[in-house]
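Worksheet for the structure shown next.
Number of protein chains: 2
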Amino acid sequence: MSLDNTWFTEPMDKTGTAFSLKLGERVHAEQTPYQKIEIYRTETFGHLMVIDGCTMVSTRDNFLYHEMMSHPALYSHPNPRDVVVVGGGDCGTLREVLKHGEVQHATQVEIDERVTRLAEQYFPELCVANGDPRATLFFGDGIAWMKEAAPESLDLIIIDSTDPVGPAEGLFGKKFYVDCLKALRPGGMLVQQSESPLLHIDLIVEMHKAMHDAGFAQTRLLHFPQVIYPSGWWSGSIAQKTAGPLAERLDPATLQTLDTQYYNAEIHRAAFAVPNFVKRALGV
Amino acid sequence: MSLDNTWFTEPMDKTGTAFSLKLGERVHAEQTPYQKIEIYRTETFGHLMVIDGCTMVSTRDNFLYHEMMSHPALYSHPNPRDVVVVGGGDCGTLREVLKHGEVQHATQVEIDERVTRLAEQYFPELCVANGDPRATLFFGDGIAWMKEAAPESLDLIIIDSTDPVGPAEGLFGKKFYVDCLKALRPGGMLVQQSESPLLHIDLIVEMHKAMHDAGFAQTRLLHFPQVIYPSGWWSGSIAQKTAGPLAERLDPATLQTLDTQYYNAEIHRAAFAVPNFVKRALGV
Numbered sequence: 001m002s003l004d005n006t007w008f009t010e011p012m013d014k015t016g017t018a019f020s021l022k023l024g025e026r027v028h029a030e031q032t033p034y035q036k037i038e039i040y041r042t043e044t045f046g047h048l049m050v051i052d053g054c055t056m057v058s059t060r061d062n063f064l065y066h067e068m069m070s071h072p073a074l075y076s077h078p079n080p081r082d083v084v085v086v087g088g089g090d091c092g093t094l095r096e097v098l099k100h101g102e103v104q105h106a107t108q109v110e111i112d113e114r115v116t117r118l119a120e121q122y123f124p125e126l127c128v129a130n131g132d133p134r135a136t137l138f139f140g141d142g143i144a145w146m147k148e149a150a151p152e153s154l155d156l157i158i159i160d161s162t163d164p165v166g167p168a169e170g171l172f173g174k175k176f177y178v179d180c181l182k183a184l185r186p187g188g189m190l191v192q193q194s195e196s197p198l199l200h201i202d203l204i205v206e207m208h209k210a211m212h213d214a215g216f217a218q219t220r221l222l223h224f225p226q227v228i229y230p231s232g233w234w235s236g237s238i239a240q241k242t243a244g245p246l247a248e249r250l251d252p253a254t255l256q257t258l259d260t261q262y263y264n265a266e267i268h269r270a271a272f273a274v275p276n277f278v279k280r281a282l283g284v
Numbered sequence: 285m286s287l288d289n290t291w292f293t294e295p296m297d298k299t300g301t302a303f304s305l306k307l308g309e310r311v312h313a314e315q316t317p318y319q320k321i322e323i324y325r326t327e328t329f330g331h332l333m334v335i336d337g338c339t340m341v342s343t344r345d346n347f348l349y350h351e352m353m354s355h356p357a358l359y360s361h362p363n364p365r366d367v368v369v370v371g372g373g374d375c376g377t378l379r380e381v382l383k384h385g386e387v388q389h390a391t392q393v394e395i396d397e398r399v400t401r402l403a404e405q406y407f408p409e410l411c412v413a414n415g416d417p418r419a420t421l422f423f424g425d426g427i428a429w430m431k432e433a434a435p436e437s438l439d440l441i442i443i444d445s446t447d448p449v450g451p452a453e454g455l456f457g458k459k460f461y462v463d464c465l466k467a468l469r470p471g472g473m474l475v476q477q478s479e480s481p482l483l484h485i486d487l488i489v490e491m492h493k494a495m496h497d498a499g500f501a502q503t504r505l506l507h508f509p510q511v512i513y514p515s516g517w518w519s520g521s522i523a524q525k526t527a528g529p530l531a532e533r534l535d536p537a538t539l540q541t542l543d544t545q546y547y548n549a550e551i552h553r554a555a556f557a558v559p560n561f562v563k564r565a566l567g568v
């Protein structure tokens with residue numbers, strides 16, 4: 001059975017899978033200096049932002065990704081004061097980061113200002129923290145920003161980028177990780193979206209190797225459902241500057257104030273459970 | 285962008301989502317007295333069995349579902365000797381059940397013998413335990429089978445069925461659960477596939493209510509990735525005849541002999557972590 005144009009479809013030719021959402025209509029389309037951005041109204045997932053043909057964020061399921069790219073890492077760091085989000089132009093990760101009272105300053109470094117302006121229009125609920133006095137919205141190249149970041153000035157770097165092709169490619173390699181490592185304080189960490197455990201295990205293995213090669217002491221995988229991304233199963237990879245167990249600051253009172261839809265203390269631990277085939281691939 | 289006939293697509297009109305796999309070719313199709321069964325060769329997921337247009341099992345990702353529909357429940361029961369699989373005609377769940385030395389007898393009750401015969405041909409790796417002396421393959425109606433089962437003769441009932449429409453509808457209601465409860469020994473449990481936590485939370489809530497209404501003392505949700513099913517995120521629901529904590533017999537030596545691709549002790553606990561929105565929906 002074929003799908004017609006009443007569906008938005010992202011066919012992934014390399015993985016042989018496709019995911020589709022039933023459409024209302026396309027409400028916006030533009031070519032920026034960096035990429036093509038489209039916004040659709042879907043029948044059951046609210047608004048959908050598509051960049052260069054890839055699903056980026058939907059109203060209905062973005063909570064999974066945004067919560068899991070921020071809270072597990074934030075509660076694994078003993079005292080995250082200075083946080084930077086590289087990419088993340090829809091501001092959903094920034095919003096989650098700023099739910100943490102211990103964060104004193106969070107900078108979002110997004111290359112394409114239009115992503116943020118369109119998020120403000122079509123995903124206003126993701127942008128509610130943009131006016132927080134602790135927030136800085138910087139529009140520019142994340143790779144250049146990190147190269148110039150003051151040494152030992154950051155506690156947590158969240159790399160919330162598109163796939164490792166096109167503009168985001170440079171965010172997935174040793175060179176960039178070396179700059180990240182330098183910018184982190186002792187005990188600091190990086191967390192990066194690292195695609196599907198089932199479909200992209202080779203990429204995950206390469207990323208962890210590059211993180212070690214760059215000088216990070218330890219890496220870990222976390223995983224979670226993410227419906228609109230290929231396979232519906234997604235991961236983040238954490239690299240720690242200093243070896244040792246993660247802090248796990250899972251105080252029930254603190255967690256309760258977070259107001260999350262997916263994340264809680266049980267989910268925090270669950271996300272770090274490593275499936276057997278991943279253990280074998282990563283040699284852990 | 286539309287998808288042509290070089291893809292197999294399962295459009296879910298009610299949920300507004302679709303999942304597709306890039307095809308090689310259709311290698312078999314038949315109409316049985318119960319349903320239409322098709323087998324495809326896909327480009328990246330091996331063989332794919334489709335029943336009445338719904339993806340059922342693929343070579344590449346079935347380990348997720350089969351391991352998670354069996355091992356968490358088996359290791360949550362203190363001593364599972366007599367197990368029945370209702371449905372499960374591809375024999376993958378039966379194979380996992382028979383990896384447990386403590387299981388003395390496992391019966392698969394599948395209504396459509398053709399599912400099993402085609403699995404033997406196209407998914408032979410799922411059928412390797414069919415000749416186990418502890419295994420019985422019975423072809424007939426699971427609802428009738430359960431009605432006639434000897435009282436207190438079973439430790440674990442695994443309901444590995446299609447969606448709650450068509451032939452499997454009767455497996456998702458109070459009447460059937462009452463028969464299951466009667467057939468279970470004290471301390472016995474039932475585990476049933478219960479669709480997607482994101483897309484079908486209303487169904488999950490209804491199922492748990494029906495299990496309680498039937499007299500089960502306690503219910504729990506477990507969840508796991510399942511790439512070819514709608515949303516890529518799937519669940520099972522456990523109903524316990526007797527209230528109380530689950531046994532959690534997670535002895536490392538025993539687990540190591542299982543030879544699983546996804547499941548292990550960490551994954552066991554992770555699967556029972558309940559997301560916040562599910563807690564709210566289930567009132568737990």
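Chain order of the listed sequences is A and B. Read in order, the letters of the first sequence are residues 1 to 284 in our numbering. Read in order, the letters of the second sequence are residues 285 to 568 in our numbering. All C-beta atoms, glycine included, are put in the ideal place defined by N, C-alpha and C. For clarity, every value in this text was computed on a predicted model and none was experimentally measured.
For residue 511 (chain B), which of helix, strand or coil comes out of DSSP? coil
What are the boundary residues of the beta strand (DSSP E) that residue 117 (chain A) is part of? Looking at the DSSP string, residue 117 (chain A) is not in any beta strand (DSSP E); the run it does join, the alpha helix (DSSP H), is 113-122.
Residue 142 (chain A) beta carbon less than 8 angstroms from that of residue 119 (chain A): no
Cβ of residue 310 (chain B) less than 8 angstroms from any chain A Cβ? It does not; no Cβ of chain A falls within 8 angstroms.
If you compare alpha carbons, which of B:461, B:417, B:406, B:411 is closest to residue 429 (chain B)? Nearest to residue 429 (chain B) by C-alpha distance, out of B:461, B:417, B:406, B:411, is B:461.
Name the residue from B:421, B:464, B:408, B:422 whose alpha carbon lies nearest to the alpha carbon of residue 434 (chain B). B:464
With distances taken between CB atoms, is the gap from residue 312 (chain B) to residue 322 (chain B) smaller than 8 angstroms? yes
Skipping 5 residues on each side, what residues in its chain have a beta carbon closer than 7 angstroms to that of residue 82 (chain A)? 104, 105, 153, 154, 155
Less than 8 angstroms between CB atoms is the rule here; does residue 306 (chain B) satisfy it with respect to chain A? yes
Inter-residue Cα distance where the pair is residue 331 (chain B) and residue 289 (chain B): Taking the Cα positions, residue 331 (chain B) is about 17 angstroms away from residue 289 (chain B).
Quick one: give me the first and last residue of the beta strand (DSSP E) that residue 49 (chain A) is part of. 47-51
Name the residues in the segment 247-271 of chain A whose C-beta lies less than 8 angstroms from a C-beta of chain B; which are they? 260, 261, 262, 263, 264, 266, 267, 269, 270, 271
When DSSP builds the beta bridges, which residues end up paired with residue 105 (chain A)? A:82
For my contact list, residue 220 (chain A) and residue 272 (chain A) are in at a C-beta cut-off of 8 angstroms; report their separation, rounded to the angstrom. 6 angstroms
Please compile the residues from chain B whose C-beta is within a distance smaller than 8 angstroms of the C-beta of residue 72 (chain A). Residues of chain B passing the Cβ test: none, with the nearest at roughly 12 angstroms.
Measure from the C-beta of residue 61 (chain A) to each C-beta in chain B and report whether the shortest distance is under 8 angstroms. Between residue 61 (chain A) and chain B, the shortest Cβ-Cβ separation is below 8 angstroms.
Using beta carbons (cut-off 8 angstroms, strictly below), is residue 558 (chain B) in contact with chain A? Using a Cβ-Cβ cut-off of 8 angstroms, residue 558 (chain B) counts as an interface residue toward chain A, since at least one Cβ of chain A sits closer than that to its own.
Under 8 angstroms between C-beta atoms, does residue 17 (chain A) make it to chain B? yes
Flag this pair as touching only if the segment 185-202 of chain A and the segment 235-247 of chain A have three or more C-beta atom pairs under 8 angstroms; answer yes or no. yes
Neighbour flag for residue 171 (chain A) against chain B, beta carbons, 8 angstroms: no
What residues from chain B crowd round residue 219 (chain A), counting only those whose CB sits closer than 7 angstroms? Near residue 219 (chain A) there are no residues of chain B at all, since even the closest Cβ is about 17 angstroms away, more than 7 angstroms.
Beta carbon of residue 163 (chain A) nearer than 8 angstroms to that of residue 32 (chain A): no
On the criterion of 16 or more Cβ atoms from any shown chain inside 10 Å, does residue 377 (chain B) qualify as buried, or is it exposed? buried
Identify every residue that forms a DSSP beta bridge with residue 325 (chain B). DSSP output for residue 325 (chain B) lists B:309, B:331 as bridge partner(s).
Considering only C-alpha positions, which residue in the set A:85, A:41, A:208 is nearest to residue 279 (chain A)? A:208
If I follow the unbroken beta strand (DSSP E) through residue 338 (chain B), where does it start and stop? 338-342
Taking all protein chains shown into account, do 16 or more other C-beta atoms lie within 10 angstroms of the C-beta of residue 25 (chain A), making it buried, or fewer, making it exposed? Residue burial annotation: residue 25 (chain A) is exposed, with fewer than 16 other C-beta atoms found within 10 angstroms of its C-beta.
Using C-beta distances below 7 angstroms, list every residue in its chain close to residue 525 (chain B), excluding the 5 sequence neighbours before and after it, in chain order. 465, 468, 470, 471, 472, 473, 500, 501
For residue 280 (chain A), the three-state DSSP class (helix, strand or coil): helix
I'd like to know if the segment 244-252 of chain A and the segment 197-213 of chain A are in contact, where contact means that at least 3 CB-CB pairs between them fall below 8 angstroms. no
Using three-state DSSP, classify residue 248 (chain A) as helix, strand or coil. In this structure, residue 248 (chain A) counts as coil in the three-state DSSP scheme.
For chain A, is any of its Cβ atoms less than 8 angstroms away from the one on residue 516 (chain B)? yes
Please classify residue 269 (chain A): does DSSP put it in a helix, a strand, or coil? Helix at residue 269 (chain A).
Alpha carbon to alpha carbon, what distance is there between residue 85 (chain A) and residue 137 (chain A)? 10 angstroms
So residue 43 (chain A) contacts chain B; which residues on that side make the cut at Cβ distance below 8 angstroms? 300
List, in order along the chain, the chain A residues whose C-beta lies closer than 9 angstroms to that of residue 332 (chain B)? Around residue 332 (chain B), no beta-carbon contact reaches into chain A at under 9 angstroms, the shortest distance being about 11 angstroms.
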